[in-house]
Each structure stands twice: as structure tokens, then as C-alpha cells.
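Asker:
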Amino acid sequence: MNRMAAKKKKKTARKKRTGTARPPRRRGRRRTGKQATAVRSWLQRAAVLGLLGLVAYAVFLDFSIRKQMEGKRWSLPAIVYTQPLELYAGKRLTRERLERELDQVGYRRDSGLHQPGTYSSSSGIVDIHTRAFRFEDARVPARELKVAFSGGRITALDNRRGGSVAIARVEPRRIGTVSPTRREDRKLIELDQVPAHLVGALLATEDRRFTEHFGVDPSGLARAMWANIKAGGIVQGGSTITQQLIKNFYLSSERSLGRKLNEMVMAILLELHYDKREILETYLNEVYLGQSGNSAIHGVGLASLFYFNRPVSELDVHESALLVALIRGASYYNPRKHPERARERRDLVIGQMEALDYLDPGQADAARSKPLEITANGPTSATVYPAFMGLLRRQLQDEYRSRDLHTEGLRIFTTLDPEVQAVVEDAARSRLQAIESGNGMDAGVLNAAAVVARVESGEVVAVLGGRRARYSGFNRAVDAERPVGSVIKPGVYLAALEASAQFNLATVIEDEPITVEQRGSPDWSPENYTKRYYGDTLLIDALAHSRNVSTARVGMSVGLERVVDMIHRLGITRDIPQYPSVVLGAVPLSPVDVAQLYLTIANNGFRTALRTTRSILSNDDEPLSRYPIEVRQVVEPDTVALLHYGLQEVIRSGTARALSGRFDPALGLAGKTGTTDGFRDSWFAGYSGNYVTVVWIGRDDNRPTGLSGAGGAMLLWGDIMERLDLAPTFPVERDRIRFVEVDEQGRFAGGCRNRRWLPFIEGTIPSRAAPCAVTSTRSGTPAVSARP
Amino acid sequence: MMRTVLPWLLAGSLAVGCAVPLRDQEPVDRQPEPARPAPDPDRTAPASTRPAAPESPAVVELSARAREALDDSRHDDALQLLERAIRIEPQNGALWHQLARVRFQQGNYEQARQLATRSNALLTGNSRLRASNDELIEAARDAESF
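So the sequence lines, in the order shown, correspond to chains A and B. Following our numbering, the numbering of the first sequence begins with 68 at its first residue and continues without gaps. Following our numbering, the numbering of the second sequence begins with 54 at its first residue and continues without gaps.
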């Protein structure tokens, strides 16, 4: 094609040369008076100059046309995808959930599964004709799957053409682009992907002689002028598709004769260089077809997703006709705002198609009888997940220039799980309302933030940046740094448990007033939340009941340096001052920071960075970046197992015991409440085996809410976790861990009445025995292996 | 010369050493259920167990495809397949071991060591998988010290 264009250009260049070679001969024939000669030579010079000028101008136009056509034609914002839904036998998934996902990615019900992007559903079975899709790792062709359900799980996954399928994916949802301020958005398509009826509708309506004219269509122009004269105003443009493309590409929208002439010259030049197919394809990608917030919907590829949530290749006649109808005024004929108008115009397009034999009368009637069938909202309606996108941008900004994210058409495969995100948003909405009305607060005073991540990989699956989840304002999950209160305590206790010669879960802590002297600042005398003191307390209970005084003692005894070091090891990178009050959480962190800290605990002492992205591909599907799982062991797994048991105790019997009734004990959920001075911040952080979830509730003006961690954030945490498919946390039972019966003094108490089982690392098992204990006859050491 | 060859020799010997199909190792590693504490009279002890269910066919498939990818030196493919498998069975130590082996082949010895340690943290008792992890950790250390 380019070679063809080059050949054509040579031909025109030759023509120009022969054209300029003629005048001398003419000059030789006429020679009269001197004056006439002078006038003539002056005229000749002017003519030559004018001609040169015209040629130079044409060359300039030619150059700018080719530059635009052959360079990158459009700057393409990065496309962002959610994580895809995986299908495999044994997966917990209901039929309804799968149907919802298919609806979300624009699959249509069709019992015959005639084309990709369709499915059918009967009791316990969903048949799907998947679309071909380039996933982050591979291009997967379209195929027909049969998914069988029973008891809330997939029981079988088969290929409808025979054989079983071990695992398959539904393509991910497209969640818009990274830029919150973008202007133009499009999804490039190739002409082959465009149904014939869409091209037919376009040509019938906009340029019926497209295949014949040379860029300008004099008869079309004449027809338009006649129509305009008849109507007494401009009703038809008479512009060819080529001219419209030129207008969109290069020229302002002003209506003047000069501009019109320019447009015509450029249209002819464009036709000289490029064939009709290329011009048509470019037009279909360029044409403006709607507005989504502050972003303009360009091209039929994106418009098809925007109005029908389906790829353009799957459109039916009436849908193609609607897209073409919008060319004349995407906002005037906006089918979501003015359905009547849009339908009228659509039917006009169908009528034109019929008149020009693109449709037979039967097809045209069938198309006219169809409703508009547009989706309620465009799937790309600007930044549906502003908080997640904010975190994503932050994580990508080190590697990608923001320009690249807005112009290079990157395909970003994220970790966002839209279903979990929906759970978080719903739960926050109703829980905040319930807390406000239940506590006599004004509606709307509270705000919230939350982060949910997958434990094994650190993949962030949901982020709530504020109560108005769709509002891209202040992102509290990422940018709000609030004192964390007792949520920090696991760092203190883990540092203590690591000093295993000094501390284990049964170490007795004196819960009595403590005063810490600090050089250069006033003495520090923490108090318990309840303003009471509890005397001798086992370390596990000090943690479970969040005793401040005990924790201060433990922290001071372990040493601030080690506590702060532990917090850093768990994944907090920001500076933490070595003030004593740090052990009680007088350190401002964001919910994302807290999630990182708990993620390391949930992973048994292996730190893995929270991440929002799996892969990034270039716009021609070349892999650019991969973000694989990377882990680093920062604490011994046995030590973390003890802390984990302590954090489970928080839910079993401690400050979060209200949660215990809501979850199966076999899940072994673990977590910690946090409340800051004057009840300003209500925190809860915790995890199952597969999700770590952090919730903050408070007021934007930082005034007290009167809510403790258990009175606010914990309830929302429970609401969220209750609706997720949870896996059990990692087992406390490990090779080097023994469960031993102890009494309230932390002594071995096998056989005693008041005793409880606690885990110990071998070599740290209590050596003292309670008077009532039945010790083994051999050595007097606790009979740790003998269990009732 | 030795600096460049030795890691490959190590990798080669390791590949031979780990040639045992991973799936066969699974039951060995999962069977010895850790002794659980007796139920507390006052309170139910936390019940947290390793997955006893047989490996899902999806995980078997992904793991096999990852092995093929590794054989063809398609390391990124292998990583992505294994990560999909790990999302399904996060506490399956064999998958973490396989991930460690891909990292080793990539020459990322630090991650090889860490991932093998991660795999070990999911195991109880002595097992062939633990032995393979230890061997891999050793080899990665040696390679790192060059």
C-alpha cells in the first residue's frame, strides 16, 4: 500500500514537471511591443511564483497528511483490566455469579451459541462460547465450554466439542484508563473486524459514492447544495468520508470557504496516497461518537463497548445503524439521554440502507423493530475505581512516565477483583449508615477506607478510598496517614516473641502503672483503655485484650529499637521515630501500610510487596513488565505462628470476640482492633488464609467519633469478610511447636482443673509446673507429648 | 570461566536431582497431619489444618504446563502458570518449590532460596519435598557466592 502510494506520487511529480516545461515555448511565439513585454514578463514571474507557492503549499499539505497517517495516528490511553475470572472444577462459584460476570463482559444469551460472546444457561449448567482474547500470558482462541454447578461449586468443566478442560478463564473486565483527566479515548480496530452492515450503514448515510470518487464528490456536493438551497440553510455537508476524516484530523471546525478548499485539496492528496480500505479504517477509528464524563469516545471500537458492551465484530444491524446515526451529532442523538431522537435517526439510517440495497425489506423491518438495546452505562465511564487506580498509578509511576501511560496504548492487567470491590463498597455504605443511626450521629459524618489483598501474592483486590467510592477525591486508603493505635501491637509482640529466651505466650506481664522517662520530653504514663489495671496477665491475654500498660512494659523490656526494627521488617518503609508511645501506635500510617504489615504476618513471616499489577503489554501485545511473586523471609515462621495464635485469641476471647459468632472457628481468623486517643480513629486489621483486610473508620475533620476499633471498623471488617470466600489461615501446628497446658501463672498445668492449651516453640516450654500438675515420672518435666 | 559455568553445572545437577515428578511427592508431604491439641474443655482450640483434599485437576494441569514451559526455557510463562496454580492452592508447598526452581533457572538465586524456604514453611515432617527444597537452597547459596 505504501509502495503504491509512493508510485502514485512519482507519477504526479512527473506531471508537474511537464507542466512547468511548457511556458517557454509559449513565450517564444508572442513577441510584440516593449511595454507589453514588460507587463507580460511581470505577469509571468508572478504566475511562476504563484505556481511555486501552490506547489510548496501542496507539498506541505502532503507532508502533514502523511505524517499524521503514517506516524502514530492517535495517542492511546492505557487500557486497564481487572483480574479475569478463573473457571475450574472444584472452584467455589455459583451459576448466578458466572452469569453476572458474563453479563459484565457483554456476553449475550443465545441458546445456539452461534458466535463468540454468547452463553446459555439452564438448571445447573452454563454453556459459554468464549471470545478469543489476548490474556497477559497468551492468546486464547474462542471455544465452547460447558460449566456444571452443584452446591455452590463448579463440578465439571468440559469442552462442548468433547473432552474435559482443566482450567479456563473468562476475559477480564475493562475498567477504563489510568488517566483521570484524559480527553480522548479509543479502542483501535481493523477493518476486518467491522461487520459489513456497519460499513454499509456508513456509506449509505454519509458517502454513497465513496468507492468511486477521488476524495471529493462533485455530484454529492451539488446534491447537498441543492438540498441546502431548498431548505434555506445548511442541512447537508456534502463532504465525503475522506473529507470528514481530513476535517477531524487536521482542521478546525470553522466553516469557511478557504477551509473547505483546503479540505478538498487534502482529501484528494489523501486519496492519492492511500487506498479506500485504509481511509475507511482510519475514519472508523477516528470518528467521534460520544462522551463519557470528560473523555471523548472515538472510533466504532470503543463506541461499541461504550453503548453495547460488546466488541464491534458482534454488532447486529440495528446496533450498527445506531452508531452511524451518532456521527451526525453524538450529543444531540445521545441514545441514553434522547432515546426517541436516537431511534428516529437510527431508523432513518436503516431506511437509507434499504434504499441502497444494503438490506432487503425483511432485514430492514426486523432491524427497525428492535429496541435500542444499549447498556445503562458505558463500561468505560471514567474511573469507576478511583482509589484502586490511585494506588495503581502510584505503583507504576516509578517505571512508567505518565506520558507513556496516556499515549502508548499499554494494556495493564491489574489485580482488582471487581466482585470483592463491590462487596467492600456495599458493606461500607450500609455499615456506616447503621453506625451513624445507631449512635445518634448526623448522617454522613463518618468516613472510611479499606484495603483487601490476597495473602499468598500480595495482590490488592479491592481498595476503598472513601465513603463515596466512585468519587475520585482524597484517597484515604493510600494518602490518609492516621495514628494506628493498637493495630501496631503485633509488631511489639512479635519482637518480644522473637526474644524467645525472655518471652512466650505464657509469660506473665504485670499489668500495673508504668512511667517511662524520656530525655527531653515529659514522662510517659500510658493507661489501659478501660482505665483499670489487671495485675498479672499472660502475654497472650495482654495482646488479646489489648492492654496498653502491659504492652508498654513488653515494648520497653524488648527495647524500642527492636520494636521499630520489627515494624520495618514487616514492611513499613516510612520513618518511625523511636518514641515509647510508638508501641501503642502513636505512629501515623495509611490503611495500605497497615495491610502490608498484616500481610507479612498472614504469610507466616514472609514479606511480599502489595501489588496492583500482574503484567503490562504494549499495544501490540509485547510483554513490557511482569510483576511476579517475590518473597523474603523476615521472621521465623515458628515465631509468627505464636503471634498468629495470639491474634486468633483476639477474635476467640479478646477485644474482637464479637466476631467469633460470625465465622466458622475452623477458619482460624486472626486480627487486631485499634482505637486512638479520644476515639478519633477506629481500626481493624486481620486476615483469613487467603485475604488480608484492613478497615479504618473516622472523621475527615479528625474529631472524635466515640467509636472504638470494635465499635466501628471491626464491624465493617466482619461484614466484608463474611461475604468473601474464605480459606483457613495457616496452621499454628508446626514441627517445632508443642501445645502445652498452662495455668494462669504460665506454669505447666497438665491435669489441673484451670488450665488452657497454648503453643510453644520447642525449648521454650515452661519449666515450672503448677502444684496441681501431673508431671511425667521420668524427669519431672512437663509431659508435653502426652495428650488426654 | 568457572564463574559462568558453575551455576549451570549446579542447575543441571539440580534438575536431575529434582527429576522426580512433583505430583508424586504430594501425598507424602501432606499425609502426616500434625498432632492437634486435644479439645480444650472450656474452649474449642483453633482448627486450622493443611488442605487434605486431593490436588485439583486445574492445579495438576497448570503445574504440568509450567514444567513444560520451564523445559523450553519459557521462564515467564512458567512463572505465570505457577502463580495461577498458587492462587488456587496457596498452601501447596510443591507449587512454591516449582516456583523456586524456575527462579533458579532464571539465575535469580536469591528468590530461589527464598521461595524454597517459603515452600518449607508449608511442610511438616521430613519429606522428599523438604529435601529438594534444602538442596535447592544449598545450590542457590553456592551459586550466589560465586
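Beta carbons: idealized from backbone N, C-alpha and C, even for Gly.
1) Can you find a CB in chain B that lies within less than 9 Å of the CB of Glu523 of chain A?
2) Is any beta-carbon of chain B found at less than 9 Å from that of Glu697 of chain A?
3) Have a look at the DSSP bridge pairing and note the partners of Gly518 of chain A.
4) Can you list, in chain order, the residues of its chain with a C-beta nearer than 8 Å to that of Gly652 of chain A? Leave out the 5 residues immediately preceding and following it.
5) Tell me whether the beta-carbon of Ser387 of chain A lies closer than 9 Å to the beta-carbon of His264 of chain A.
6) Using 8 Å as the Cβ pair cut-off and three pairs as the minimum, do the region 592 to 607 of chain A and the region 565 to 575 of chain A touch?
7) Using the C-alpha atoms, what's the distance from Leu270 of chain A back to Arg290 of chain A?
8) Answer yes or no: do Gly282 of chain A and Gln260 of chain A have a C-beta to C-beta separation smaller than 9 Å?
9) Provide the residue span of the beta strand (DSSP E) that contains Ala752 of chain A, from first to last.
10) Any beta carbon of chain A sitting closer than 9 Å to that of Ile139 of chain B?
11) List in chain order: all unbroken alpha helix (DSSP H) runs of 4+ residues lying wholly within the region 440 to 511 of chain A.
12) Jot down the residue ranges of each uninterrupted alpha helix (DSSP H) in the region 134 to 182 of chain B, minimum 4 residues, whole runs only, in chain order.
13) Give the C-beta separation of Gly525 of chain A and Ala723 of chain A to the nearest angstrom, bearing in mind that I take them to be a contact with Cβ-Cβ under 8 Å.
14) Is Asp129 of chain B close to chain A? Criterion is C-beta to C-beta, closer than 9 Å.
15) Can you pull the chain A residues whose beta carbon is under 8 Å from the beta carbon of Glu114 of chain B, in chain order?
16) Is the Cβ-Cβ distance between Leu255 of chain A and Gly184 of chain A less than 9 Å?
17) Applying a beta-carbon distance threshold of less than 8 Å, which residues of chain B neighbour Pro690 of chain A?
18) Measuring only the C-alpha atoms, how far is Phe751 of chain A from Phe797 of chain A?
19) Tell me which residue opens and which closes the alpha helix (DSSP H) that Phe316 of chain A is part of.
20) Which value, in whole angstroms, describes the spacing of the CA atoms of Asp125 of chain B and Pro690 of chain A?
21) Looking at the C-beta of Gln164 of chain B, does it have a partner C-beta in chain A at a distance below 9 Å?
22) If the criterion is Cβ atoms closer than 9 Å, does the pair Leu459 of chain A and Thr679 of chain A meet it?
23) Please work out which residues of its chain come closer than 7 Å, Cβ to Cβ, to Arg228 of chain A, disregarding the five sequence neighbours upstream and downstream, and give them in chain order.
24) Cβ closer than 7 Å: which chain B residues qualify as neighbours of Asp204 of chain A?
25) Return the CA-CA distance between Pro144 of chain A and Ala363 of chain A, expressed in angstroms with no decimal places.
26) Return helix, strand or coil for Thr680 of chain A, following the three-state DSSP convention.
27) Looking at the strands, I want to know which residues DSSP matches up with Arg674 of chain A.
28) Quick one: grab the DSSP three-state call for Glu808 of chain A.
29) Thinking Arg236 of chain A and Leu152 of chain A are a contact (beta carbons under 8 Å), I'd like their distance in whole angstroms, please.
30) Going along chain A in order, which residues have a C-beta closer than 7 Å to the C-beta of Ala42 of chain B?
31) Alpha carbon to alpha carbon, how far is Glu273 of chain A from Pro91 of chain A? Give it in angstroms, no decimals.
32) Tell me which residues of the region 795 to 811 of chain A have at least one Cβ-Cβ distance to chain B shorter than 8 Å, keeping chain order.
33) By the criterion of Cβ-Cβ separation under 8 Å, what are the contact partners of Leu189 of chain B in chain A?
34) Identify whether Ile364 of chain A lies in helix, strand or coil by the three-state DSSP scheme.
35) At a CB-CB cut-off below 9 Å, which residues of chain B make contact with Glu153 of chain A?
36) Counting contacts by CB-CB distance shorter than 9 Å, is Gln167 of chain B in contact with chain A?
Answerer: Taking the definition as stated:
1) yes
2) yes
3) The identity of residue 518 of chain A in the sequence shown is Val, whereas the question assumes Gly. Note: Val518 of chain A sits in a beta bridge opposite A:Val530 and A:Val761.
4) Pro550, Val551, Gly552, Ser553, Val554, Ile555, Lys556, Gly741 and Thr743
5) yes
6) yes
7) 16 Å
8) no
9) Asp748 to Tyr754
10) yes
11) 453 to 463, 469 to 474 and 485 to 505
12) 146 to 159 and 162 to 174
13) The Cβ separation is near 24 Å, so there is no contact.
14) yes
15) Ala233 and Ile234
16) no
17) Asp129
18) 20 Å
19) Ile308 to Tyr317
20) 18 Å
21) yes
22) yes
23) Glu211
24) Asp130 and Gln133
25) 12 Å
26) strand
27) A:Arg699
28) strand
29) 7 Å
30) Missing from the structure shown is residue 42 of chain B; chain B here goes from 54 to 199 and no further.
31) Unreliable positioning characterises Pro91 of chain A in this predicted model, as indicated by a pLDDT of 41, which lies under 50. A coordinate reading is not provided.
32) Pro795, Thr796, Phe797, Pro798, Val799, Glu800, Arg801, Asp802 and Phe806
33) Chain A residues near Leu189 of chain B: none, gap ~14 Å exceeds 8 Å.
34) strand
35) Ala111, Arg137, Arg140 and Ile141
36) yes
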